[in-house]
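Before any comments, here is the structure.
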Amino acid sequence: MPERRWSLQRGAPPPPPASPTPLPVAKIALLVMVLLGDIMSLTVVLPMTPFLVARYHDGPDSTVGYYSGLLGASYSLGQLIMNPFWGSLSDKGRRPVMLFSLVASAFWIVAFGSSTNLHVALFCRFANGLCSGNVVVAKAMMADLTDSSNETKAFTFIGMAFGIGGMLGPLIGGPLSEPADKYPNLPGHALWEARPFLLPCLIVALYMLVDWILAIFLLEETVTQSRDAAADAEASYGTVDESNESQAEALGFVDGAKAGPAAPEGGGISQLLRDPTSPFKLVCTSFAIFSTCMSSFLEVFPIFARAKTSEGGMGLSLTAVGLLQAGTGVSGILVVAAGLFPMMCKRYGVPGVYARALVFSGLIAYAAPPILAAFSTSTPWLGLIAANLCVSITNQLCFGTANLMMKNSAPPELAGAAIGTGSSIGLLGMAIGPIWGGSLFAYSSSPDAPLGVVGKGRLFFVVLSMLALTNGRLAFTLPPWPADGATYSFRKTRRLSCSVGSGVY
């Protein structure tokens, strides 16, 4: 089999399209609905987690952070194990994988809500993560349905789905948990008293079943379109013109005649990870660090908000925590309505937007909550909403740009596997984040911890900000996004070059 490596496509660049390809709005809307269900199954649990742990765990209150972190990590660990499988399987057919994942996820979120034991809850969250393959499949289907002229606009809707899911999940999970205590006249009082966290999980499961019914009748297979694009790419092989070697060297992909060693024989994701000229490994590494920061903040913030003011927290109720987190999800709608994502990508390039969002989160978003808690005499609602809003916007920008970079780091026939592998590497961070974040907050909020000014949980936010800033510095080393008319290609080294759709970043 011919060896492959990454390089700038040589010869005359293809002419830019006269106008963007129209988006298949109905198909993308259905994908966003399915993606929203998976996101809600994650976010509906966020506000209730420390309260569930406190109810079913007999240890001291200072240990809630440790067990909350384990509960949050179990879902991501399940995704980490199975996402490469779902991504690779979806390259053979995306529709069956999506339909199965919807039903299985609905079952396990109900099982979690029905649990009255911490160990059972941990198992159900892990099983839910194992079956939660639609985040990968929906992104892969969106990649199948777009090209270089409309992909930035299409992937904006991924950020919108995360924003809306980040709003609806806590809005359901916070106010509707423990309904027997809050709404004594609600029908089914005995059930809600015995299963205090079932109602919000049941609502999310019903939504996913509606998605399943719609997908049965409306969802079309898209993997054949990706294969057609790959076939067109194979047909476009031609003779390499060496005149653009200096341009490739300037962009940092090829070092002139001293190009790095070609990848070993064979194709696939393993080759992308080994190829020293491919940005795929760097994108995945940075995405893993970002995911660690994001998941640790999402997991620790409810613990911080629930903790007593004497421990550095805010002393808020479950309903207040849910409403506070829900309010920040509005940013998903604002980002789309204002056209912020494509506007920023056009100005700074996709990697530039990603790096700037990381730096902003480290300097401002992650640092704000402990500062507000330390210097406020009453609950600083506006400040906390603003801080969460900043985190939510930067998360959406990072998710959208990272998915674009992962998608464009592989030829069309590997799009699902590339997104699945990249997402799984990110999920490694999402599995680590809640554990280290919850543990660090629990340790630093203990009155026995000799930490001085960084006590009362503040050490977690300091470390989180430093990690985000370090990742931002790493992201600024990514190669620039291809300029108009230039593409990066997955090239056979037998002096043949290939353009694959939008090119490969």
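Just so you know, the working numbering puts 295 at position 295 of the sequence shown, and the rest follows in order with no gaps. Using N, Cα and C, we set each Cβ at its ideal position, and we do this for glycine too.
Residue interval of the alpha helix (DSSP H) (run including residue i)
i: D181; result: 179 to 182
i: F304; result: 280 to 306
i: Y348; result: 340 to 348
i: L46; result: From DSSP, L46 is part of no alpha helix (DSSP H); its letter is neither H nor E.
i: T394; result: 381 to 407
i: P369; result: 368 to 375
i: P84; result: 64 to 90
i: N471; result: 458 to 475
i: H57; result: Neither: H57 is in no alpha helix (DSSP H) and is coded neither H nor E.
i: E221; result: Element bounds for E221: n/a, residue is neither H nor E.
i: S105; result: 94 to 114
i: G507; result: The question about residue 507 has no answer, for the chain in this structure spans 1 to 505.
i: V454; result: Here V454 belongs to no alpha helix (DSSP H), and DSSP marks it neither H nor E.
Between the CA atoms of residue j and residue i - distance to the nearest angstrom
i: T285; j: I425; result: 8 Å
i: L298; j: A326; result: 12 Å
i: A248; j: H119; result: Only weak support is given to the placement of A248: the predicted model assigns it a pLDDT of 31, under 50, and the value that follows is read from those uncertain coordinates. Roughly 54 Å separates the two Cα atoms.
i: P24; j: L145; result: 7 Å
i: D122; j: S149; result: The amino acid at residue 122 is misidentified as Asp; the sequence shows Leu. If you take the alpha carbons of L122 and S149, they lie about 44 Å apart.
i: G437; j: K182; result: 30 Å
i: D232; j: V359; result: Low confidence applies here, because D232 scores a pLDDT of 46, under 50, leaving its location unreliable and the question unanswered by this model.
i: L323; j: V204; result: 17 Å
i: M406; j: A355; result: 15 Å
i: N185; j: P50; result: 26 Å
i: L71; j: R125; result: 7 Å
i: Y488; j: L273; result: Any reading at Y488 is ruled out, since the residue's pLDDT is 40, under 50, leaving its predicted position unreliable.
i: M314; j: L46; result: 17 Å
i: N408; j: M82; result: 22 Å
i: P175; j: N117; result: 21 Å
i: L130; j: G188; result: 31 Å
i: A449; j: P342; result: 46 Å
i: A143; j: A357; result: 23 Å
i: C398; j: L467; result: 15 Å
i: M141; j: L52; result: 36 Å
i: T470; j: V454; result: 20 Å
i: P380; j: P276; result: 49 Å
i: T377; j: E178; result: 29 Å
i: A194; j: G59; result: 21 Å
i: A180; j: G383; result: 31 Å
i: S439; j: I303; result: 11 Å
i: H57; j: Y67; result: 8 Å
Same chain only: Cβ atoms within 6 Å of residue i, ignoring 5 sequence neighbours per side
i: T421; result: P84, I269
i: P370; result: R458, F461
i: V32; result: F157, A161
i: A431; result: A73, S76, L77, L80
i: S465; result: G362, Y366, A367
i: C345; result: T152, V353
i: P196; result: E178
Nearest residue (CA-CA) to residue i, options the options
i: L171; options: M48, M430, L397; result: M48
i: L168; options: Y67, L36, M294; result: L36
i: R95; options: R274, F441, N134, L71; result: N134
i: K281; options: K346, A367, A418; result: A418
i: A475; options: L316, I213, Y348, T152; result: Y348
i: W212; options: L451, V34, A449, P480; result: V34
i: S291; options: G400, A26, T319; result: G400
i: A26; options: F217, T379, C345; result: F217
i: F375; options: T309, S439, I385; result: T309
i: A402; options: L372, G472, R55; result: G472
Contact set for residue i: own chain, Cβ-Cβ below 7 Å, skip 5 residues either direction
i: A288; result: I425, G426, L428, G429
i: A365; result: A387, C390, V391, T394
i: L209; result: A106
i: V97; result: W86, L89, S90, G133, V137
i: S446; result: S62
i: S423; result: N83, V135, V136
i: N527; result: No answer is possible for residue 527: it lies beyond the span of the chain, which begins at 1 and ends at 505.
i: V44; result: G169, I172, G173, P200, C201, V204
C-beta contact flag for residue i and residue j at 8 Å
i: S101; j: V137; result: yes
i: K139; j: V223; result: no
i: I39; j: A154; result: no
i: A307; j: V321; result: no
i: L206; j: L30; result: no
i: S278; j: P434; result: no
i: G166; j: P200; result: no
i: L404; j: T152; result: yes
i: G65; j: F301; result: no
i: K456; j: E311; result: yes
Residues of its chain near residue i, where Cβ-Cβ distance is below 8 Å and the 5 sequence neighbours each way are ignored
i: L198; result: V110, G113, S114, L191, W192
i: A215; result: L30, V34, R95, M98, L99, L102
i: L478; result: P279, L282, V283, S286, P351, Y354, A355, M405
i: S19; result: S149
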